[in-house]
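Residue numbers (the numbering used here): 17 to 317. In this text, a Cβ means the ideal position worked out from N, Cα and C, and glycines have one as well. Each remark here refers to the structure printed beneath this line.
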C-alpha cells in the first residue's frame, strides 16, 4: 500500500515527476490542476521509484547481527519493511538487535547459532521459515579476522577464519537458497572486503584468502542460480568503526592513517553500508547479480 501527500498550496514550487507523468505536467503547479495530479498520484501508473526499495512482506535472515555492520544492516532491512531473523553466537547481543527491530514495528526473532555448523544453520533457516513463512533475503554478515603474521598463524586459527567467513557463508547460502530456488525468487548479499580484490595489507593471510573466496562464491552461485530467480551479490566494505576494530582505534594514529588513505577523508560508520544492503536486497537491484560492489569511501583506488 502506498501513501502519497499532495500539497496544493505549493503552486509556485516545481513538481517532482515520475517517468510516467504526462509531458504537460512539466513546469509548475497551478491550482486548477491539483485534482488531476491527485488522481494521477493515486493511480496504478504512479509507481514511485522509492517503492522498489521497499521490503514489505519479505523476511530476511542476517548473520553476525549482534553488533557492527550486521546489526546495522538488520535494522536497515527492518526500516525498509522486512521482518528480520537475527543470528549470532552471542545470544544477548542478537536479542538486543531483535528488540530494536521490534521497536520499529517489524517482527523479529533472535537465533543463537554458529554459522560454521551445518546443523545450526539448518535450524536457523527452519526457525525463520516457521516464524515468517520464508527466507526472501539472506545477508551473510558473520565474520572474524586474524592479524597474526603469516609465519606465525596456526593452522587452527587459519582454519577458523576460513570456516566463519567462507564456509559459513556457503552453508547459509545453501540452506536459505534451497527455499529461494523452490519459490523462484530471492536475494543473497554476501559481505567481502575491499581487501578481497582491491588491495592488500600484511598479516591478513587468512582473512584475505577467506574474502577472496567469498567473492568467488558470489560469482559461482550467481551463475548457477540466476536462471532460477535467485540473485547473489557481494558488498566489499572498507574500514568501519565497529567493535571488531575498536582495539586498534585506541591508538589515535591508526584512525588518522586510515583517513589519509581514504578519498572521502573519513572512516566508515556502520550506517554507511545500510543503503547498499537494502538496495541489493530489494527489487531496485532486480537486474544486478554476481557483482562485488565496493563501499569503502574510495580507499585504495
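Inset, instruction - Name, in chain order, the residues that DSSP records as bridge partners for residue 99. - result: Against the chain shown, residue 99 aligns to sequence position 83. Residue 99 pairs with 75.
Inset, instruction - Sort 135, 69, 132 and 83 by Cα distance to residue 114 and report the nearest one. - result: If you number the chain shown from 1, residue 114 lands on position 98. Here the closest residue by C-alpha is 83.
Legend entry - Contact check, residue 153 vs residue 124, beta carbons under 9 angstroms: Position 137 of the chain shown, counted from the first residue, corresponds to residue 153. Position 108 of the chain shown, counted from the first residue, corresponds to residue 124. It is not a contact, given that the beta carbons lie outside the stated cut-off.
Inset, instruction - Could you spell out the range, first to last residue, of the alpha helix (DSSP H) harbouring residue 210? - result: On the chain shown, position 194 is the one that residue 210 refers to. Run containing residue 210: none; DSSP gives neither H nor E here.
Inset, instruction - Can you grab the Cα-Cα spacing for the pair residue 98 / residue 300, in whole Å? - result: Position 82 of the chain shown, counted from the start, is the residue given in the question as residue 98. Position 284 of the chain shown, counted from the start, is the residue given in the question as residue 300. Approximately 15 angstroms, taken between the alpha carbons.
Legend entry - Inter-stretch contact (C-beta, 8 angstroms, three-pair minimum) for the region 296 to 310 and the region 246 to 264: yes
Legend entry - Exposure label - residue 120; buried when at least 16 CB within 10 Å: Numbered from 1 along the chain shown, position 104 holds the residue referred to as residue 120. With fewer than 16 Cβ atoms within 10 Å of its Cβ, residue 120 is classed as exposed.
Inset, instruction - Compare the beta carbon distance of residue 254 and residue 210 with 9 angstroms and say whether it is the shorter of the two. - result: Numbered from its first residue, the chain shown carries residue 254 at position 238. Numbered from its first residue, the chain shown carries residue 210 at position 194. Their beta carbons are under 9 angstroms apart, which means residue 254 touches residue 210 by this criterion.
Inset, instruction - Give the secondary structure of residue 27 by DSSP, where H, G and I count as helix, E and B as strand, and everything else as coil. - result: To locate residue 27, count along the chain shown from 1; it is residue 11. Here residue 27 scores only 40 on pLDDT, less than 50, and its place in the model should not be relied on; the value that follows carries that caveat. Note: residue 27 maps to coil in three-state DSSP.
Legend entry - Backbone CA spacing between residue 169 and residue 86 [nearest angstrom]: For the purposes of this step, residue 169 is identified with residue 153 of the chain shown, where counting begins at 1. For the purposes of this step, residue 86 is identified with residue 70 of the chain shown, where counting begins at 1. Near 27 angstroms, if we compare the C-alpha coordinates of residue 86 and residue 169.
Inset, instruction - Let me know if residue 45 comes out buried or exposed under the rule of 16 or more other beta-carbons within 10 Å of its beta-carbon. - result: The count along the chain shown starts at 1 and reaches residue 45 at position 29. Any reading at residue 45 must be qualified, since the residue scores a pLDDT of 43, below 50, and its modelled position is unreliable; the value itself is stated next. Buried, since its Cβ has 16 or more Cβ neighbours within 10 Å.
Legend entry - Per-residue DSSP class, three states only, for residue 116: The count along the chain shown starts at 1 and reaches residue 116 at position 100. It is helical.
Legend entry - Residues near residue 10 by beta carbon distance below 8 angstroms, same chain, minus five either side: Nothing about residue 10 can be read from this structure; the chain reaches only from 17 to 317.
Inset, instruction - Helix, strand or coil for residue 192, going by three-state DSSP, please let me know. - result: Reading the chain shown from its first residue, position 176 is the one you call residue 192. The answer is helix: DSSP assigns residue 192 an H, G or I state.
Legend entry - 9 angstroms Cβ cutoff met for residue 68 and residue 298: In the chain shown, counting from the first residue as 1, residue 68 sits at position 52. In the chain shown, counting from the first residue as 1, residue 298 sits at position 282. Cβ distance < 9 angstroms, so residue 68 and residue 298 count as in contact.
Legend entry - Closer than 9 angstroms to chain C by CB, residue 101: The structure shown contains no chain C, having only a single protein chain.
Inset, instruction - Go ahead and pull the three-state DSSP assignment for residue 131. - result: Sequence index remark: in the chain shown, residue 131 carries index 115 (1-based). If DSSP states are grouped into helix, strand and coil, residue 131 belongs with coil.
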